[in-house]
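Chains as they are written, first to last, in this note's numbering: chain A, 1 to 113; chain B, 114 to 225.
These notes are about the structure you will find just below.
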Amino acid sequence: DSGVTQTPKHLITATGQRVTLRCSPRSGDLSVYWYQQSLDQGLQFLIQYYNGEERAKGNILERFSAQQFPDLHSELNLSSLELGDSALYFCASSPRRSDYGYTFGSGTRLTVV
Amino acid sequence: QQQVKQSPQSLIVQKGGIPIINCAYENTAFDYFPWYQQFPGKGPALLIAIRPDVSEKKEGRFTISFNKSAKQFSLHIMDSQPGDSATYFCAATAGTASKLTFGTGTRLQVTL
């Protein structure tokens with residue numbers, strides 16, 4: 001157990017729907033990162049939050065949004081889902097605003113049908 | 114310029130062999146190069162990392178070789194074991210960016 005908890009582990013939904021993925025960081029970690037892992041694109045950085053504020057943004061679609069709450073857990077919201085959004089979504093956390101290494105959770109597998 | 118190119122895509126070695134996975138980068142601002150190991154159903158886990166001021170780093174059976182002038186780095190697994198069968202990702206990041214740019218992964222299978 002890495003200490004980073006992601007729920008749910010699996011999610012199957014239809015095109016056009018909206019889903020929310022949840023992440024609880026390791027105790028004491030203030031930064032949360034979201035990555036998307038697909039077969040053709042590998043691991044792609046989506047977004048980072050530090051202590052409730054957005055710090056860095058990657059190739060995140062406008063249909064996707066995230067936030068980090070006062071208790072430091074984070075949610076990734078995916079809307080108007082398309083078949084191509086099917087992927088593994090990983091959350092990671094680290095202690096500081098800027099860290100070279102961080103701890104990944106086990107991921108949420110999203111299947112859009 | 115942000116890409117990290119990784120090869121091979123897959124690799125099969127016998128137990129005790131030394132698999133080698135190679136990565137190349139273009140962005141000279143990258144200053145930290147970690148390797149991650151991922152087992153099925155799990156998230157990537159940090160294995161070993163190197164900075165460009167050293168040419169080699171060893172941790173147990175895992176060694177990173179770094180060639181700054183060629184902008185290449187590689188992972189060697191000594192005395193490989195079936196338990197090393199996993200997907201390995203190289204990555205790179207620059208300064209205080211925190212964002213990791215990952216290679217496409219190498220699926221390693223170590224046979225008995």
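Heads up, the beta-carbon is just placed ideally off N, CA and C, and yes, glycines get one too.
Bear in mind the structure is a predicted one, so any value in this text is a computation, not a measurement.
Contact with chain A by residue i, beta-carbon distance below 8 Å
i, result
"B:Ser211", "yes"
"B:Gly130", "no"
"B:Pro147", "yes"
"B:Lys118", "no"
"B:Gly218", "yes"
"B:Thr141", "no"
"B:Lys155", "yes"
"B:Thr206", "yes"
"B:Leu159", "yes"
"B:Lys179", "In the sequence on display, residue 179 of chain B carries Phe and not Lys. Not closer than 8 Å to any Cβ of chain A, the Cβ of B:Phe179 fails to qualify, so no."
"B:Phe215", "yes"
"B:Phe202", "yes"
"B:Ala162", "yes"
Interface flag, residue i vs chain B, CB-CB below 8 Å
i, result
"A:Gln68", "no"
"A:Phe202", "As displayed, chain A neither begins before 1 nor continues past 113, which places residue 202 of chain A out of reach and without an answer."
"A:Ser2", "yes"
"A:Gly142", "The requested residue 142 of chain A is not part of the displayed model; chain A covers only 1 to 113."
"A:Asp29", "no"
"A:Phe104", "yes"
"A:Asp99", "yes"
"A:Leu21", "no"
"A:Ala56", "yes"
"A:Asp43", "Note on identity: in this sequence residue 43 of chain A is Leu, with Asp being the wrong assignment. It does; some Cβ of chain B falls within 8 Å."
Residue i: first and last residue of the uninterrupted beta strand (DSSP E) it sits in
i, result
"A:His10", "10-13"
"B:His118", "Looking at the sequence provided, one finds Lys at residue 118 of chain B rather than His. Segment 117-120, the beta strand (DSSP E) holding B:Lys118."
"B:Ile213", "At residue 213 of chain B the sequence reads Leu, which differs from the Ile that was named. Element bounds for B:Leu213: n/a, residue is neither H nor E."
"A:Arg109", "108-112"
"B:Gln222", "219-224"
"B:Thr200", "199-207"
"B:Gln194", "First-last for B:Gln194: undefined, no H or E at that position."
"A:Glu82", "Note, A:Glu82: premise wrong, no beta strand (DSSP E); not H, not E."
"A:Val4", "Counting along the chain, A:Val4 falls outside any beta strand (DSSP E), and DSSP gives it neither H nor E."
"A:Arg22", "19-24"
"A:Leu76", "74-78"
"B:Ser123", "123-127"
8 Å contact criterion, which residue i and residue j should meet: CB distance rounded
i, j, result
"A:Tyr89", "A:Leu21", "5 Å"
"B:Phe152", "B:Ala183", "31 Å between Cβ atoms; not a contact."
"B:Lys212", "A:Phe45", "5 Å"
"B:Phe179", "B:Ile163", "5 Å"
"A:Asp108", "A:Gln6", "With the sequence shown as reference, residue 108 of chain A is identified as Thr, and Asp is not the correct amino acid for it. At roughly 5 Å, the Cβ-Cβ gap stays under 8 Å, so A:Thr108 and A:Gln6 are in contact."
"A:Ser98", "A:Val32", "That pair is no contact at about 13 Å."
"B:Asp144", "B:Gly216", "B:Asp144 to B:Gly216, Cβ: 17 Å. No contact."
"B:Tyr201", "B:Gly173", "Wrong, their Cβ atoms sit about 15 Å apart, outside the cutoff."
"A:Gly52", "A:Gln68", "5 Å"
Residue i: CB within 7 Å of a non-hydrogen atom of the ligand HEM
i, result
"A:Glu75", "What this structure holds is no ligand at all, so the ligand HEM is not there to describe."
Residue-level contact to chain C via CB, residue i, 8 Å cutoff
i, result
"A:Tyr49", "No chain C appears in this structure, whose protein chains are A and B."
Contiguous beta strand (DSSP E) assignments of at least 3 residues, all confined to the segment 130-192 of chain B: Listed in chain order, they are 133-138, 143-151, 158-163, 169-172, 175-180, 185-190.
Segment contact flag, the segment 76-87 of chain A with the segment 139-153 of chain B, C-beta cutoff 8 Å, min 3 pairs: With the cut-off at 8 Å, the segment 76-87 of chain A and the segment 139-153 of chain B do not touch.
Inter-stretch contact (C-beta, 8 Å, three-pair minimum) for the segment 117-134 of chain B and the segment 217-225 of chain B: With the cut-off at 8 Å, the segment 117-134 of chain B and the segment 217-225 of chain B touch.
Segments assigned alpha helix (DSSP H), at least 4 residues, entirely inside the segment 30-67 of chain A: If we require 4 residues or more, the segment 30-67 of chain A turns out to have no alpha helix (DSSP H) run fully inside it.
Stretch-stretch touch, CB-based, cutoff 8 Å, three pairs: the segment 177-194 of chain B with the segment 95-111 of chain A: no
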